[in-house]
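First up is the structure itself, then whatever we jot down about it.
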Amino acid sequence: MYALVDINGAFVAMEMVFRPADRNKPAVVLSNGDGCIIAANKIAKQLNGFAMYAPAFQLEDVLNKNNVLRFSPNFELYVDMSRRFIKELSFFTDKVEVYSIDEAFLDLDIKNIDFTDYGQLIKRTILKNLDLSVGIGIAPTKALCKVASKIAKKFTERTNNVYVIDSEEKRVKALKWLPIGDVWGIGSGFAKKLLQLNIKNAYQFTQLTDSWVLKNMTVVGLRLKHELEGKSCLQLETIKEPKKAIGTEKAFGKLIADYELIKEATSSYVEYCAGKLRRQNSVASAIVVLLETNSFSTSDEQYYNRTVVSLPIASNNTTYLVKNAVDGLNRIFKNGLRYKRVGISLIGLYPDNSIQGNLFVNHNPKHSNLQKVIDQLNLKYEQDTIRLATSGLNKQLWESKAMLRSPRYTTRLNELLNISGDVLNR
DNA sequence: TCTGGGGTCCTAGGACCC
DNA sequence: TCTGGGGTCCTAGGACCC
């Protein structure tokens with residue numbers, strides 16, 4: 452049996468850990484630039500006229516009228532809380548798959564336990580130690596865990612946040628209950644297609660033939676069907692594989708025409724991603740650079756372009772990667788346009804201990820010691836203590852603002868929670 | 001005025017190899 | 001008359017996830 456443990460309303464819940472006085476208020480977390488609503492607590496979701504993922508400015512009235520608390524995204528906090536969440540889970544089994552920032556699959560291959568009791572124990576532990584509430588679905592396959600977890604969350608009064616699918620009867624009942632569009636792995640595209648065929652729930656989906664599913668939904672769809680039938684096809688991936696791509700693309704705070712500022716942003720993104728690249732001991736063999744105007748504008752000239760810069764020698768050296776990314780930017784940059792976003796992605800990643808040489812390029816590793824020292828300083832003090840001059844000093848001119856970001860309570864010494872001031876006075 | 005960001009996997013088709 | 005067979009690698013596009 453597997454378990455899926457999932458933090459309820461994760462981002463808002465993580466904010467509320469440090470704001471106990473605000474727990475009964477509606478609250479949302481917004482996307483970069485305070486654009487869209489990406490997370491909300493139950494109270495906010497139940498408000499009249501509320502819509503998840505809507506642009507915040509469209510819901511201005513609803514948010515103001517109900518005094519909804521708004522937060523800029525604070526991923527540094529969420530990532531750290533997530534790390535603590537996984538640590539708690541690892542006390543229950545050493546087979547943990549970190550599935551996302553707020554979810555993990557566990558292998559419950561443990562003899563003589565009552566799964567419901569065990570789930571409740573996990574739930575109580577996370578609540579006690581982290582002040583976060585979770586939902587837990589337990590079943591013989593991962594896809595069925597997802598189904599069980601939905602039931603656990605939907606019918607909290609009956610399930611107390613833990614639901615186990617451990618019989619054929621429960622499986623069929625659960626699948627008949629689950630609308631096709633809510634099935635893990637069925638997105639809006641396939642949901643639409645299946646509804647046209649009068650497939651309305653997960654159970655009906657499992658009644659299709661294997662060959663139809665294979666032909667129309669590839670092997671991915673077929674695996675899902677088997678999983679829902681109770682035949683496990685998706686293994687627990689407990690070993691964290693290195694990423695195959697590391698990228699960043701973000702909207703600017705305002706539209707930007709100035710090449711120098713866009714170059715700064717590009718350099719700064721590469722610097723950030725190259726750090727992640729080195730931390731997973733990889734090198735990149737190519738860089739994607741993309742540039743985009745504001746697609747929502749009806750008056751501005753529209754432009755979208757991307758290019759792939761192949762590197763003669765794979766590398767994880769910031770200076771070298773930045774230089775090549777800027778070459779890419781130069782290829783696609785057009786004067787006279789107002790840009791909304793630049794993005795870079797390091798691709799073709801492989802381990803840094805097996806770099807393929809190049810007969811025709813003189814590889815000069817003289818920067819690698821410098822790079823190490825910079826990384827050490829940035830680790831010891833703070834991110835960006837030392838950075839490239841090409842990443843510039845004008846961040847405030849292009850970076851989107853995060854006016855509503857809460858303190859990074861658990862990762863910055865100068866943003867620690869002040870108990871008497873921050874909590875008791877609230 | 002304001003409209004998210006960061007990933008994975010699969011397939012088809014085109015180019016190439018011997 | 002008859003025009004192979006078995007591969008790899010890359011890219012674009014489409015699907016999905018949180």
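Everything in the first sequence is counted per my numbering, starting at 452 for the first residue and increasing by one.
Heads up, the beta-carbon is just placed ideally off N, CA and C, and yes, glycines get one too.
Source: prediction; values computed, not measured.
Look at the alpha carbon of residue i and the alpha carbon of residue j, and state the distance between them as a whole number of angstroms.
i, j, result
"Lys701", "Glu715", "13 Å"
"Gln834", "Gln497", "39 Å"
"Pro630", "Gly636", "13 Å"
"Val530", "Ile552", "7 Å"
"Asp708", "Cys684", "In the sequence under discussion, the amino acid at residue 708 is Ala, which differs from the Asp named in the question. The alpha-carbon atoms of Ala708 and Cys684 are separated by roughly 50 Å."
"Arg575", "Leu867", "26 Å"
"Glu850", "Asn563", "55 Å"
"Leu800", "Lys476", "45 Å"
"Ala696", "Lys727", "10 Å"
"Thr744", "Leu706", "8 Å"
"Phe784", "Glu711", "11 Å"
"Ser748", "Tyr790", "11 Å"
"Tyr723", "Phe606", "42 Å"
"Tyr832", "Ser857", "21 Å"
"Lys682", "Ile713", "51 Å"
"Asp512", "Met854", "20 Å"
"Glu678", "Gln822", "46 Å"
"Asp751", "Gly486", "20 Å"
"Glu608", "Ile602", "11 Å"
"Val721", "Gly794", "9 Å"
Have a look at the DSSP bridge pairing and note the partners of residue i.
i, result
"Tyr801", "Val734"
"Ala495", "Looking at the DSSP assignment, Ala495 forms no beta bridge with any residue, so it has no partner."
"Phe747", "Phe747 is not bridged to any residue."
"Glu548", "Phe556"
What did DSSP end up calling residue i once you bin it into helix, strand or coil?
i, result
"Phe617", "Reading the sequence as shown, one finds Asp at residue 617 and not Phe. Residue state, collapsed to three classes: coil."
"Lys666", "helix"
"Asp558", "strand"
"Ile825", "helix"
"Ala578", "The amino acid at residue 578 is misidentified as Ala; the sequence shows Leu. Note: Leu578 maps to helix in three-state DSSP."
"Lys701", "strand"
"Pro763", "strand"
"Asn515", "helix"
"Ser796", "strand"
"Cys684", "coil"
"Arg838", "coil"
Quick one: is residue i buried, meaning 16 or more other Cβ sit within 10 Å of its Cβ, or exposed?
i, result
"Thr610", "buried"
"Lys676", "buried"
"Asn767", "buried"
"Phe566", "buried"
"Met465", "buried"
"Pro471", "exposed"
"Val670", "exposed"
"Met503", "exposed"
"Thr592", "buried"
"Ser662", "exposed"
Between residue i and the rest of its own chain, which residues show a CB-CB distance below 8 Å, the 5 nearest in sequence each way excluded?
i, result
"Leu581", "Val468, Met532, Arg535, Phe536, Glu539"
"Asn775", "Ile738, Val760, Leu762"
"Ser819", "Asn768"
"Val777", "Lys714, Thr717, Ser718, Thr841"
"Leu578", "Ser584, Val585"
Residues in the same chain with beta-carbon distance under 7 Å from residue i, minus the five sequence neighbours each way, listed in chain order, please.
i, result
"Tyr860", "Phe469, Leu528, Glu866, Leu867, Leu868"
"Asn483", "Pro524, Lys701, Ala702, Ser851"
Suppose the cutoff is 6 Å on Cβ atoms and the five residues either side in sequence are ignored; what does the same chain contact list for residue i look like?
i, result
"Tyr755", "Glu743"
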